[in-house]
Amino acid sequence: MTDTVTIPTPDVRADRWAAIGRWAKEQYPLYILIVLLIVAGLTSDAFFTPRNLANLILQTSVIGIVTLAQFLIVLTGGIDISVGSVLGLSGVLAAGLLSGSNVIMAIAIAVAVGAAIGAINGYLVAFRGLEPFIVTLGMLALARGLVYAYTEGSPVRPEAADFRGIATATVAGIPVIGILWLALALVVGFITRRTVLGRRIYAVGSSKEAAHASGIPVRSTLLVTYIMAGVLIGFAGFLLASRVGAGTPTAGTLYELDAIAAVVIGGTALSGGRGRVFGAVVGTLIFGVITNLLVLLNVSTFLQDAFRGALILIAILLTTFQFSRRRARPTIS
């Protein structure tokens, strides 16, 4: 009895190398992150210290979870500019209702608030046919108004002594909040790449008309996606309140811009239907490293805002150029 060995043909090997080449070309966010880490190490002796790296994770994790929510919405071809205000509302209610005396209930309240607002946004977009930008713009104003009405402009401090426990705890020197972010990223990645719902989300983002024609329940897919995003935002609201030790009326301000920037930097198409969770995570890290480095270099907050805006514009230009090249690439039959 002899064993047979299958030797790949030249065409198979060529296709394999071509696939590897295409994958490598699509990893430009990762290359940017590597370059930034090198630059950060060369320009600041404090960057790679354990204390600063832990601080970087703390600063990045909440916006990282919000970015996961924004990633889901953008995949469907929409956009959610209410994420910061919904995060703020979830945080103050988690800290204020029941006086924040029970941490489990605080988490449940925050998640329920996020899910409810996600359901409202999803219903208006999916079943009433309204534009996501308009719907979430209205929700941005409504949620932020409710935040200020509830707090009267002052921080809401919970009674529970362990309210800050989750956000400040560490495992082997790694903040638990960072572990939670990466765990949620794995969950979102599994849903979007390995489940029927995930395939439907990509199909809806690519073309709602084609998705509907192929029998995909477009409306319910959109509704579920907005609810999932709301759950993530609500949980992020609790984590931010836990990290700060209070629900503050300004919590989440401009998070919508940071999340959109991170999603786009990570290579997700604003038109929908293209993108991966890995890119969203890398985009968040790019944004976090730049922000952290600017603080270490004592750059003024005004210039930091200017850098943020420039980064968003550059990311949009890079992504537009990338997908334009893909569409222009000739098809060989």
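Just so you know, the sequence shown maps onto residues 1116 to 1448 in this note's numbering.
Note that the Cβ used here is the ideal one computed from N, Cα and C, for glycine as well.
None of the values given here were measured: they were computed from a predicted structure.
- Counted as a single uninterrupted DSSP element, the alpha helix (DSSP H) harbouring I1342 occupies residues V1333 to V1359.
- Judged by pairs of C-beta atoms under 8 Å, the stretch 1417 to 1433 does not touch the stretch 1337 to 1352, as fewer than three such pairs exist.
- Listed in chain order, the alpha helix (DSSP H) runs fully inside the stretch 1139 to 1219 are 1143 to 1158, 1165 to 1190 and 1198 to 1211, counting runs of at least 4 residues.
- Look at the stretch 1389 to 1426 and you find these whole runs of alpha helix (DSSP H), each 4 residues long or longer: 1392 to 1411.
- Assigned with DSSP and collapsed to three states, T1285 falls in strand.
- Counting only the Cα atoms, A1366 lies some 15 Å from L1257.
- When secondary structure is reduced to three states using DSSP, P1290 falls in the strand class.
- From the listed residues V1177, G1381 and Y1143, the smallest Cα separation to T1283 is found for V1177.
- Setting aside the 5 residues that flank it on each side, A1377 is surrounded in the same chain by T1182, G1398, T1399 and F1402, each with a C-beta closer than 6 Å to its C-beta; the list follows chain order.
- For S1322, the CB contacts under 8 Å within the same chain, skipping 5 residues up- and downstream, are G1388 in chain order.
- The Cβ atoms of Y1341 and G1179 do not sit closer than 7 Å to each other.
- A contact is defined here as three or more CB-CB pairs under 8 Å, and the stretch 1270 to 1290 meets this definition with respect to the stretch 1207 to 1218.
- The DSSP-derived three-state label of G1381 is coil.
- With 16 or more other Cβ atoms inside 10 Å of its own Cβ, T1191 counts as buried.
- Around the C-beta of E1324, fewer than 16 other C-beta atoms lie within 10 Å, and the residue is accordingly described as exposed.
- Distance between P1247 and M1220, taken at the CA atoms: about 31 Å.
- For S1159, the closest alpha carbon among the candidates L1355, L1412 and G1424 is that of L1412.
- In the structure shown, G1330 adopts coil according to DSSP, grouped into three states.
- The beta-carbon distance between A1161 and G1288, rounded to whole angstroms, is 17 Å. This is too long to meet the 8 Å contact definition.
- Between the alpha carbons of A1227 and A1425 lies a gap of roughly 35 Å.
- Relative to the Cα of L1202, the nearest Cα in the group V1286, L1252 and A1356 belongs to A1356.
- Annotated three-state conformation of G1268 is coil, per DSSP.
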